[in-house]
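In our numbering, the protein residues as written are 3 to 189.
By construction, the Cβ of each residue, glycine as well, lies at the ideal position given by its N, Cα and C atoms.
Working notes, structure below.
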Amino acid sequence: KAEQAAHDSAMEQSMQQSSEQLHQQQQQQSLQMQDKASKAMQQMSRRISEMQEQMLSNETNEAMNTLRKAMEDLLEISQRQEDLKNQSRSLSPNSEQFRENAEQQLGLQNDLANVTNNLVGLSQKSFAVTADMGRAVGKAMGSMSQAMTGLERRNGQYSSAEQAEAMTSLNKAASLAQSSMDAMQQG
């Protein structure tokens, strides 16, 4: 009987040790699983951050490209406006050149309308387009419209003065676009 009791005690002790080992293994496996899950979460978090930075970078690049194109277009329109202003200034009221100048002025207005549409599109996605930039473009449009009226009325001096105002506003808008790009590059 003592032998049976010793055997039962040894068996119980063995089962207890087995149970403890199993419990320790489960804890160790559980810790390993938690560690793996934690590392996976950190990696996923890093990937999400990288994707957000990439998206922000893409949006900034898109805004910069749109602003750069707008600035170049504004300067080119301003140059063409200056050429037209110089032609309009010296026209006599009976000149046939008024009609051609009016057509060129209309073309400049259409080109500015395209730039304006691009800037409006950008302003809906970004703060890169400022209110001052919008005012300068609007003022240029208004001056171009007045220049067109002067050309239709065969008044070269008036149209030339309005074309000069349009140039000033176009150049200001281009300068503001440059300032906005500079601010974006600085962060």
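Beta-carbon proximity list for Asn-116, same chain, < 7 Å, skipping 5 on both sides: As a first step, residue 116 must be located in the sequence shown, where it is residue number 114. Take Asn-116, set aside five residues on each side of it, and no residue of its chain has a beta-carbon closer than 7 Å to its own.
Between which residues of its own chain and Ala-130 is the CB-CB distance below 7 Å, once the five residues before and five after are set aside? By 1-based counting over the sequence shown, the position of residue 130 is 128. Taken in chain order, the residues that qualify are Ala-65, Leu-69, Leu-124, Ser-182, Met-186.
If you compare alpha carbons, which of Arg-137, Asn-173, Lys-127, Gly-109 is closest to Thr-274? An answer regarding residue 274 cannot be provided, because it is not within the stretch 3 to 189 covered by the chain.
Roughly how many whole angstroms lie between the Cα atoms of Thr-132 and Ser-177? Taking the first residue of the sequence shown as 1, we reach residue 132 at position 130. Taking the first residue of the sequence shown as 1, we reach residue 177 at position 175. Note on geometry: alpha-carbon atoms of Thr-132 and Ser-177 lie some 12 Å from one another.
Between the C-alpha atoms of Phe-100 and Met-53, what's the straight-line distance to the nearest angstrom? Your numbering for residue 100 matches position 98 in the sequence shown. Your numbering for residue 53 matches position 51 in the sequence shown. Rounded to the nearest angstrom, the two C-alpha atoms are 56 Å apart.
Considering Cα atoms alone, identify which of Thr-151, Asn-112, Arg-49 is closest to Val-139. Residue mapping note: residue 139 aligns to position 137 of the sequence shown, counting from 1. Measuring from the Cα of Val-139, the nearest candidate turns out to be Asn-112.
Alpha carbon to alpha carbon, how far is Pro-95 from Leu-77? Give it in angstroms, no decimals. The sequence position of residue 77 within the sequence shown is 75, counting from 1. The sequence position of residue 95 within the sequence shown is 93, counting from 1. Those two C-alpha atoms are separated by around 30 Å.
Taking Glu-100 as part of the alpha helix (DSSP H), name the residues at either end of that continuous run. Position 98 of the sequence shown holds residue 100. Before going further, note that residue 100 is Phe rather than Glu in the sequence given. First-last of the alpha helix (DSSP H) with Phe-100: 99-125.
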